[in-house]
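Undergrad: Pasting a structure below so you can have a look.
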Amino acid sequence: MDVAAFLHRLRHAFDAPAPPPLPELDEKLALGALLVRTAKSDRTYVLAEISKIDKLLARLFGLKPIEAAKMRATCERLDRAAPDTGRFAHLIRETVSFDARADALEALWEVVLADGDIRPAEEAMCDEVREALGLSHEDAETARVRAESA
Numbered sequence: 100m101d102v103a104a105f106l107h108r109l110r111h112a113f114d115a116p117a118p119p120p121l122p123e124l125d126e127k128l129a130l131g132a133l134l135v136r137t138a139k140s141d142r143t144y145v146l147a148e149i150s151k152i153d154k155l156l157a158r159l160f161g162l163k164p165i166e167a168a169k170m171r172a173t174c175e176r177l178d179r180a181a182p183d184t185g186r187f188a189h190l191i192r193e194t195v196s197f198d199a200r201a202d203a204l205e206a207l208w209e210v211v212l213a214d215g216d217i218r219p220a221e222e223a224m225c226d227e228v229r230e231a232l233g234l235s236h237e238d239a240e241t242a243r244v245r246a247e248s249a
């Protein structure tokens, strides 16, 4: 093997493969991305929140644990790729029923509560999503109370 070929192979030996393309955004992925974004809104993303997101995705969409974890990983990529929280929430608002939107907000609150510490950034994120989902303050309070009792 010549030196140039060796150096080329060595230089590219640790290149990461290109990530797969992001899937088309739908209401399920939008909710998953909102769950991830809410968990990260306080600049921490701890195991309790990750675990809660996986459990919520499994429960809400009938997924097995591995499928839910893969979906969460996709939602993490979507969160990084799409800077506009309103885009996710508006997709949900336009495609699901009022009850499903209320359930989505409850799921967000479950993520906020997962680490046992509610921070102002997390509350602000829930309020921003509440508004984009077309839910009232009363709807939000009901969702929060349901999440606290879950």
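Using the working numbering, the first residue of the sequence shown is number 100, and each one after it goes up by one. No residue lacks a Cβ here, since even glycine has one placed at the ideal position from N, Cα and C.
#1: What residue ranges within the stretch 136–174 form continuous beta strand (DSSP E) runs of no fewer than 3 residues, ordered along the chain?
#2: Apply the 10 Å Cβ neighbour rule to Arg171 and answer buried if 16 or more other Cβ atoms are within range, or exposed otherwise.
#3: Return the CA-CA distance between His236 and Glu222, expressed in angstroms with no decimal places.
#4: What three-state label does DSSP hand Asp219 in the structure shown?
#5: Alpha carbon to alpha carbon, how far is Lys139 from Arg186?
#6: Can you tell which of Glu205, Phe160 and Pro164 has the C-alpha that lies nearest to the C-alpha of Glu247?
#7: Taking three-plus beta-carbon pairs below 8 Å as touching, is the stretch 143–156 in contact with the stretch 210–221?
#8: Taking the alpha-carbon positions, what's the Ala132 to Asp125 distance?
#9: Over the uninterrupted alpha helix (DSSP H) stretch that includes Ser248, give me the two end residues.
#10: Under 7 Å from any heavy atom of the ligand SAH, does the C-beta of Arg158 make it?
#11: Within the continuous alpha helix (DSSP H) that includes Glu123, where are the two ends?
#12: Looking only at C-alpha atoms, which of Arg136, Ala167, Glu123 and Ala103 sits nearest to Trp208?
#13: Pull up the distance between the alpha-carbon of Pro120 and that of Glu240, whole angstroms please.
TA: From the atom records:
#1: none
#2: Along the sequence shown, one-based indexing puts residue 171 at 72. Buried, by the Cβ-count rule.
#3: As a first step, residue 236 is located in the sequence shown; it is residue number 137 there, counting from the start. As a first step, residue 222 is located in the sequence shown; it is residue number 123 there, counting from the start. Rounded to the nearest angstrom, the two C-alpha atoms are 12 Å apart.
#4: Here the question's residue 219 lines up with position 120 in the sequence shown. Looking at the sequence shown, residue 219 is not Asp but Pro. In the structure shown, Pro219 sits in a helix (DSSP, three-state: H, G or I).
#5: The residue you call residue 139 lines up with position 40 of the sequence shown. The residue you call residue 186 lines up with position 87 of the sequence shown. The alpha-carbon atoms of Lys139 and Arg186 are separated by roughly 17 Å.
#6: For the purposes of this step, residue 247 is taken as residue 148 along the sequence shown, with counting starting at 1. Here the closest residue by C-alpha is Glu205.
#7: yes
#8: Against the sequence shown, residue 132 aligns to sequence position 33. Against the sequence shown, residue 125 aligns to sequence position 26. Whole-angstrom Cα-Cα distance: 10 Å.
#9: Counting from one through the sequence shown, the residue named residue 248 turns up at place 149. It spans His236 to Ser248 - the alpha helix (DSSP H) in which Ser248 sits, taken as one unbroken run.
#10: This structure simply doesn't include the ligand SAH, nor any ligand for that matter.
#11: Sequence index remark: in the sequence shown, residue 123 carries index 24 (1-based). From DSSP, Glu123 is part of no alpha helix (DSSP H); its letter is neither H nor E.
#12: Residue 208 sits at position 109 when you count from the first residue of the sequence shown. It is Arg136 whose Cα lies nearest to the Cα of Trp208.
#13: By one-based count along the sequence shown, residue 120 stands at place 21. By one-based count along the sequence shown, residue 240 stands at place 141. Looking at the two C-alpha atoms, the distance is approximately 38 Å.
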